[in-house]
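In the working numbering, the protein residues as written are 884 to 1065. What follows is a short report on a single structure.
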């Protein structure tokens, strides 16, 4: 009975539900049963019954061992298929993670570029403001210098007028105090 159960396990594990595999597996199992049930005619010089039975037993055991090995290999294939599926899933996850990391890197680079542009623009605006203020201050100094020069020119003109007036006054005094030559 254990052999029959093993045959059912083998039949289910090695076929994966495919009809052609089920047919082949059924023939193998039928062949194993036939080996045990096979009877040979004996003649006068026929085969030794014990030897034939021993040979049939050996073939049946080897077939059962082969079927067991085959079932084990099919189980191992299924395990490896599951693991392969897991590895493929892991590979997809790694690829998705890599793509996400690349997107984050590109976003960070883009943000850094934008931030650098903002800083540069702020620096340009600040420089323009400093230049404009310096230009205004320079213009104010020019106006002050012009006003001071104008004041200087006015003071010099007034001083010159005072000096000329004093000169005329002194000349008039000197002319009046000097004896007149006749």
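We put the CB at the ideal spot given by N, CA and C, even for glycine.
What is the DSSP secondary structure of residue i, counted as helix, strand or coil?
i            : result
residue 1051 : helix
residue 928  : coil
residue 1061 : coil
residue 895  : Legend: pLDDT at residue 895 = 49, less than 50; position of this residue unreliable, value from coordinates given subsequently. Correct three-state label for residue 895: helix.
residue 887  : With a pLDDT of 45 at residue 887, under the threshold of 50, the modelled position of this residue cannot be trusted; read the value that follows with caution. Looking at residue 887 - three-state DSSP - the assignment turns out to be helix.
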